[in-house]
Amino acid sequence: ASAEKDGFNSFMEKEIHDQPAAVADTLLGRSDPSGRLILDELRIDAAELKKVNKIIVLACGTAAYAGMVAKYAIENWCRIPTEVELAHEFRYRDPIVDSNTLVVSISQSGETMDTLMAVRYAREQGAKTVSICNTNGSTIPRESDAVLYTHAGPEIAVASTKAFLAQITAAYLLGLYLAQLRGNIFSGQIKDVLADLNKIPEKIQTVLDNAGSLRELARSMKDERSVLFLGRHVGYPVALEGALKLKEIAYIHAEGFAAGELKHGPIALIDEGQPVFVVVPSPRGRDSLHAKVVSNIQEVRARGARTLVIAEEGDEAVRAYAEHVFYVPETPTLLMPLLTTVPLQIFAAELASAKGYDVDQPRNLAKSVTVE
Ligand code: G6P
Numbered sequence: 263a264s265a266e267k268d269g270f271n272s273f274m275e276k277e278i279h280d281q282p283a284a285v286a287d288t289l290l291g292r293s294d295p296s297g298r299l300i301l302d303e304l305r306i307d308a309a310e311l312k313k314v315n316k317i318i319v320l321a322c323g324t325a326a327y328a329g330m331v332a333k334y335a336i337e338n339w340c341r342i343p344t345e346v347e348l349a350h351e352f353r354y355r356d357p358i359v360d361s362n363t364l365v366v367s368i369s370q371s372g373e374t375m376d377t378l379m380a381v382r383y384a385r386e387q388g389a390k391t392v393s394i395c396n397t398n399g400s401t402i403p404r405e406s407d408a409v410l411y412t413h414a415g416p417e418i419a420v421a422s423t424k425a426f427l428a429q430i431t432a433a434y435l436l437g438l439y440l441a442q443l444r445g446n447i448f449s450g451q452i453k454d455v456l457a458d459l460n461k462i463p464e465k466i467q468t469v470l471d472n473a474g475s476l477r478e479l480a481r482s483m484k485d486e487r488s489v490l491f492l493g494r495h496v497g498y499p500v501a502l503e504g505a506l507k508l509k510e511i512a513y514i515h516a517e518g519f520a521a522g523e524l525k526h527g528p529i530a531l532i533d534e535g536q537p538v539f540v541v542v543p544s545p546r547g548r549d550s551l552h553a554k555v556v557s558n559i560q561e562v563r564a565r566g567a568r569t570l571v572i573a574e575e576g577d578e579a580v581r582a583y584a585e586h587v588f589y590v591p592e593t594p595t596l597l598m599p600l601l602t603t604v605p606l607q608i609f610a611a612e613l614a615s616a617k618g619y620d621v622d623q624p625r626n627l628a629k630s631v632t633v634e
């Protein structure tokens, strides 16, 4: 079994370390050197795809957070209104779906019953359905009009890691492809994004190589009872995913919040010693989001929180208010989740194993939930 784990103590650790390859393999062969997307597997008529006036992303769990990340990128590149909905909520609210709707389901297993039923429903309403899936020949891709496989390789640990990064990667490719098809963005811009995506695997490797201090921090926090996560823009779903990982495998109460929401409620939770992870947007980004999140760090710190910050290399502004800073390499804002998620996965895995838990087989959870 240890051979299957490549010498790691758990499949989850191995899969965290598989992530540079998971992203690289998902990108592989899907664009040409001139920066054109080639998604031949997307067997939906180009004319039909051009008519799409709304995208609905359906998924559960971690895959739904990949969908939330995808929304920021797809809307930015394609200018198509994009909703993300938990699959089990979708069909019970009489959603507005027609033949100009593109439903993108995201599922590692391709067998999640909630997601499958939502896809079936959408198809019955005439929507076009694309499945982003990690498991060849599974039910959801078979029941969809087209599939874009993630090439993360088999994921064994119940808590999803490499499939998540591969899902985000595949959703970006889909977004870029739609933008290319519809002429929304200049081909030069697509080429630039692809170049940045191609640099992601080695940057993930840098994150993995630098994780020592984070592991130490995780072990020192094994008796914590609650950990909060804040993020903004694409950092918001990352915060949700960081909290989910901790709940799933370390059984610690954890919650992710949109950083801007802090003052509207969650700040009441902050008292002396409360650990708060903050996923900080790039200081190079527009819209002064960086300054706003830095002031959130300051606000929680002033109320006694322990501030654990994930920031971009070179961001010195966070240092003054951070108890612990973990830096990730520079990348454009929309791609940041592919890097900022990784330290939160490592933190959860390390903390759970410090508690002596089986990180691969957390209590009460199944890898794939095939009942509604
Ligand atoms: C289960 C797993 C989660 C996963 C979710 C969706 O609840 O425990 O880790 O995110 O299902 O699974 P899927 O296979 O559809 O991505």
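With full-length UniProt numbering, letter number 252 in the sequence shown gets 514, and the count goes up by one each step, no holes. Glycine included, every Cβ here is placed at the ideal spot set by N, Cα and C. Remember, it's a predicted structure, so these values are computed and weren't measured experimentally.
DSSP-derived helix/strand/coil call for residue i
i	result
residue 556	helix
residue 565	coil
residue 617	coil
residue 352	helix
residue 482	helix
residue 439	helix
residue 411	strand
residue 519	strand
residue 462	helix
residue 406	coil
residue 501	helix
residue 321	strand
residue 393	strand
Residue i Cβ short of 8 Å to the ligand G6P heavy atom set
i	result
residue 410	no
residue 582	no
residue 500	no
residue 331	no
residue 322	yes
residue 278	no
residue 421	yes
residue 418	no
residue 628	yes
residue 430	no
Buried or exposed (CB count within 10 angstroms, at least 16 for buried), residue i
i	result
residue 275	buried
residue 396	buried
residue 656	Residue 656 falls outside the range modelled here, since the chain spans only 263 to 634, and no answer is possible.
residue 329	buried
residue 571	buried
residue 540	buried
residue 503	buried
residue 627	exposed
residue 404	exposed
Beta-carbon separation (whole angstroms), residue i vs residue j, contact threshold 8 Å
i	j	result
residue 604	residue 394	Wrong, their Cβ atoms sit about 20 Å apart, outside the cutoff.
residue 599	residue 499	7 Å
residue 420	residue 364	No, residue 420 and residue 364 are not in contact; Cβ-Cβ is about 30 Å, not under 8 Å.
residue 495	residue 334	7 Å
residue 514	residue 429	Not quite, the Cβ-Cβ distance comes to about 25 Å (not below 8 Å), so this is no contact.
The region 508-515 touching the region 612-628, judged by at least three CB pairs closer than 8 Å: The count of Cβ pairs closer than 8 Å, one atom from the region 508-515 and one from the region 612-628, reaches three, so the stretches are in contact.
Say whether the region 519-526 touches the region 340-355, bearing in mind that this needs 3 or more beta-carbon pairs closer than 8 Å, one atom from each stretch. no
For the pair the region 379-386 and the region 410-420, tell me if three or more CB-CB distances fall below 8 Å. no
The region 354-362 in contact with the region 615-632 per 3-pair CB rule at 8 Å: Judged by Cβ distances under 8 Å, the region 354-362 makes no contact with the region 615-632, as fewer than three pairs qualify.
The region 293-303 touching the region 318-329, judged by at least three CB pairs closer than 8 Å: no
Sufficient close CB pairs (3 or more, under 8 Å) joining the region 455-465 to the region 483-503: no
Does the structure place the region 284-291 close enough to the region 413-432 that three or more beta carbon pairs sit under 8 Å? With the cut-off at 8 Å, the region 413-432 and the region 284-291 touch.
I want to know whether the region 428-448 touches the region 335-343 - three or more CB-CB distances under 8 Å. yes
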